[in-house]
Amino acid sequence: MADFAYQVFTEVVQQKTFVAAAARLNVTPSAVSHSIAQLEATLGFPLFIRHRTGVELTPDGATILPVIQDILNKEAQLQQVADSIQGLNSGLVRLGAFSSVCINWLPGIIQNFKKRYPQVEVEIWQGTFPEIAQQVRLGSIDIGFSTLPVEENVQVEPVAADTIRCVTPADFQPANGQFVTGADIAHQRFILQQADYDGDTKKALDRYNVTPNSLAYSIDDQSILSMVESGLGFGILPDLALQKLVGNVNVFPFSETFRRTICVLTRKETPAPSTKNFLTAIHTYLVGAYGQDYLGRD
559 MADFAYQVFT
569 EVVQQKTFVA
579 AAARLNVTPS
589 AVSHSIAQLE
599 ATLGFPLFIR
609 HRTGVELTPD
619 GATILPVIQD
629 ILNKEAQLQQ
639 VADSIQGLNS
649 GLVRLGAFSS
659 VCINWLPGII
669 QNFKKRYPQV
679 EVEIWQGTFP
689 EIAQQVRLGS
699 IDIGFSTLPV
709 EENVQVEPVA
719 ADTIRCVTPA
729 DFQPANGQFV
739 TGADIAHQRF
749 ILQQADYDGD
759 TKKALDRYNV
769 TPNSLAYSID
779 DQSILSMVES
789 GLGFGILPDL
799 ALQKLVGNVN
809 VFPFSETFRR
819 TICVLTRKET
829 PAPSTKNFLT
839 AIHTYLVGAY
849 GQDYLGRD
C-alpha cells in the first residue's frame, strides 16, 4: 500500500515535531527523521524547515501535502471498500468541528453511529471555521462542521439555522421586557471569543453600532457566561452554544433576528464508505433534533 514515509510526513505536519510524530506512530524519533530524509532525497527538495522548537513546512512541502494526503485517503478508501465486500465494517472517520457542535451534536451522533458500526474508529479535531474548511480541502479530515460562508473549494451542505441571542446579567431587563434594542445596549461592553468577531456575531454588533473599544474577549463560551453573570458585560451567543451552558443570566432575542447557518463540509469526490455512513448518521440525528427546520438533504 502507500509508502510509510507518507504517513510519517503527514503526522509530522500535524504534530509539528519529530518527537511527537514518533510517539503517535509508535516509532523512534530517529526513524521519523530517517524517513523524512529519505522522502526529501527521493523528491529532490526539503519538506521542512527545522527550528529549535519544532518544524514547519517549506513552500514545496506545502504544495505536495494535499497530494500525499490524497494518496493516503485513497488507500484508506480502497481498504474500506475491500472490507465492505468481505462483509466487514471497518475504517476511520476524521471529524473537524467547533466547540458547540462537539458538545451538543457529536456525542449523540457518534453514539448512534457506533451502535451500527462498532469497528469504525472516529477521531475529532476541534478548530476555527477557516481551519476546519482548510483541513477538509487538504483531506486531513473527512467531515467538517463550519458556518457560511465557506471560502475553500469543498462540498458545502447547510444543515441548521442557529439564532444569535443577547446574554445579560440576571438583573437586566430590556426596556420593552421582550427583546433587546439599540438603546438597551448603547453603552454596554460585550464579551465574546476573538474568532467570533469576524463572523455572524459581527453583523449583529455592527447593526447596533457596538464599537471595537466596547469589546472584551474570553477563551470559550462558558467563560463568557461566567463573566456576564459577574456583571462584567453582555454576551452574544447562538442557541446551539447556549444549550448546555450554566449560569445565572438572562437570554433575550435582538430586535432584529440574526442567524448563523451551520453547514457540513466534505471533499468534492466520492466519500469512503465509513464517511458516507457517518454522513447518514448526521442526517438522521439532525432530522430528529430539528424536524422541519433541518436544512439538509431529504
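Mapped onto this note's numbering, the consecutive letters of the sequence shown carry residue numbers 559 to 856. Every residue, glycine too, gets a C-beta built ideally from N, C-alpha and C. No experiment lies behind these values; they were computed from the predicted model shown.
Exercise for the section: Go through its chain and collect everything with a Cβ distance to THR819's Cβ below 8 Å, but skip five positions before and after it. Expected result: Numbered from 1 along the sequence shown, position 261 holds the residue referred to as residue 819. Within the same chain, THR819 has close Cβ partners THR705, LEU706, PRO716, ALA718, ALA719, ASP720 and LEU853.
Practice task
Consult DSSP for GLU710 and reduce its assignment to one of helix, strand or coil.
Solution key: Sequence index remark: in the sequence shown, residue 710 carries index 152 (1-based). Residue state for GLU710 is assigned as coil, using DSSP reduced to three classes.
Problem - Distance, GLY619 Cα to GLY735 Cα - result: As a working mapping, residue 735 is identified with position 177 in the sequence shown. As a working mapping, residue 619 is identified with position 61 in the sequence shown. Looking at the two C-alpha atoms, the distance is approximately 58 Å.
Practice task
Indicate whether the contact test is met: 3 or more Cβ pairs, each with one atom in the stretch 775-785 and one in the stretch 736-752, closer than 8 Å.
Solution key: Contact between the stretch 775-785 and the stretch 736-752 is present, because at least three Cβ pairs lie under 8 Å.
Practice task
Decide if VAL712 is buried, meaning its Cβ has at least 16 other Cβ atoms within 10 Å, or exposed.
Solution key: Within the sequence shown, the letter at position 154 stands for residue 712. When all chains shown are included, VAL712 counts as buried.
Practice task
Note down, in chain order, each residue of its chain lying with its Cβ closer than 7 Å to the Cβ of MET559, except the 5 sequence neighbours on either side.
Solution key: Numbered from its first residue, the sequence shown carries residue 559 at position 1. Confidence at MET559 is low in this model, with a pLDDT of 45, below 50, so the placement of that residue is unreliable and no value is reported for it.
Handout entry: 6 Å Cβ shell around ASP797 - same chain, five flanking residues per side excluded
Key = By 1-based counting over the sequence shown, the position of residue 797 is 239. For ASP797, where only same-chain residues beyond five positions count, the Cβ hits under 6 Å are ASP720 and THR721.
Exercise for the section: With a threshold of 16 other CB atoms inside 10 Å of the CB of GLU569, please say whether the residue is buried or exposed. Expected result: For this step, residue 569 is matched to residue 11 along the sequence shown. Buried.
Exercise for the section: State the CB to CB distance for the pair GLY649 and VAL678, rounded to an integer number of angstroms; the pair is presumed to be in contact (CB under 8 Å). Expected result: Reading the sequence shown from its first residue, position 91 is the one you call residue 649. Reading the sequence shown from its first residue, position 120 is the one you call residue 678. Sure, about 5 Å apart at Cβ, within 8 Å.
Handout entry: Backbone secondary structure at ILE722 - three-state DSSP
Key = As a first step, residue 722 must be located in the sequence shown, where it is residue number 164. If DSSP states are grouped into helix, strand and coil, ILE722 belongs with the strands.
Problem - Span of the alpha helix (DSSP H) around ARG855 - result: Walking along the sequence shown from the start, residue 855 turns up at place 297. Per DSSP, ARG855 belongs to no alpha helix (DSSP H) and is neither H nor E.
Problem - ASP742 versus ARG723, THR815, TYR766 and ALA728, residue with shortest Cα-Cα distance - result: Locating residue 742 in the sequence shown gives position 184, counting from the first residue. Among ARG723, THR815, TYR766 and ALA728, the Cα nearest to that of ASP742 belongs to TYR766.
Practice task
Hey, could you find the ends of the alpha helix (DSSP H) LEU615 is sitting in?
Solution key: Residue numbering aside, residue 615 sits at position 57 when the sequence shown is read from its first letter. First-last for LEU615: 613-615, but that is the beta strand (DSSP E), not the alpha helix (DSSP H).
Practice task
Quick one: grab the DSSP three-state call for ASN808.
Solution key: Numbered from its first residue, the sequence shown carries residue 808 at position 250. For ASN808, the secondary structure class from DSSP, reduced to helix, strand or coil, is strand.
Exercise for the section: Check THR575 in the structure and name its three-state DSSP category. Expected result: Position 17 of the sequence shown, counted from the start, is the residue given in the question as residue 575. Looking at THR575 - three-state DSSP - the assignment turns out to be coil, as it is neither helix nor strand.
Problem - Bounding residues of the alpha helix (DSSP H) (the contiguous stretch that carries GLN596) - result: Here residue 596 is taken as the residue at index 38 of the sequence shown, counted from 1. Its alpha helix (DSSP H) spans residues 587-601.
Exercise for the section: List the residues that DSSP assigns as beta-bridge partners of PRO676. Expected result: Here the question's residue 676 lines up with position 118 in the sequence shown. Bridge partners of PRO676: none, in fact.
Practice task
For the beta strand (DSSP E) holding GLY654, just list the boundary residues, first then last.
Solution key: Numbered from its first residue, the sequence shown carries residue 654 at position 96. Start and end: 650-655.
Handout entry: Environment of ASP700 [buried if 16+ CB atoms lie within 10 Å]
Key = By one-based count along the sequence shown, residue 700 stands at place 142. With 16 or more other Cβ atoms within 10 Å, it is buried.
Exercise for the section: Find out if the Cβ-Cβ distance for the pair PHE576, SER593 is shorter than 7 Å. Expected result: Counted from its first residue, the sequence shown places residue 576 at position 18. Counted from its first residue, the sequence shown places residue 593 at position 35. No, the Cβ-Cβ distance between PHE576 and SER593 is not below 7 Å.
Handout entry: Boundaries (first-last residue) of the alpha helix (DSSP H) holding TYR848
Key = Here residue 848 refers to the residue found at position 290 of the sequence shown. Unbroken alpha helix (DSSP H) run through TYR848: 831-848.
Handout entry: Span of the beta strand (DSSP E) around SER704
Key = Position 146 of the sequence shown, counted from the start, is the residue given in the question as residue 704. DSSP places SER704 inside the beta strand (DSSP E), whose first and last residues are 701-705.
Exercise for the section: Apply the 10 Å Cβ neighbour rule to GLY887 and answer buried if 16 or more other Cβ atoms are within range, or exposed otherwise. Expected result: Residue 887 is absent from the structure shown; the chain starts at 559 and stops at 856.
Handout entry: LEU865 classed as buried or exposed, judged by whether at least 16 other C-beta atoms fall within 10 angstroms
Key = Summary: the structure shown does not reach residue 865, with the chain confined to residues 559 through 856, and so no result is reported for it.
Practice task
State the Cα-Cα distance for the pair PHE687 and GLU709, rounded to the nearest angstrom.
Solution key: One-based indexing of the sequence shown puts residue 687 at position 129. One-based indexing of the sequence shown puts residue 709 at position 151. Looking at the backbone, the Cα of PHE687 and that of GLU709 are separated by about 10 Å.
Problem - Pairwise C-alpha distance: SER781 and ASN631 - result: Here residue 631 corresponds to residue number 73 of the sequence shown, with the count starting at 1. Here residue 781 corresponds to residue number 223 of the sequence shown, with the count starting at 1. Cα-Cα distance, rounded: 38 Å.
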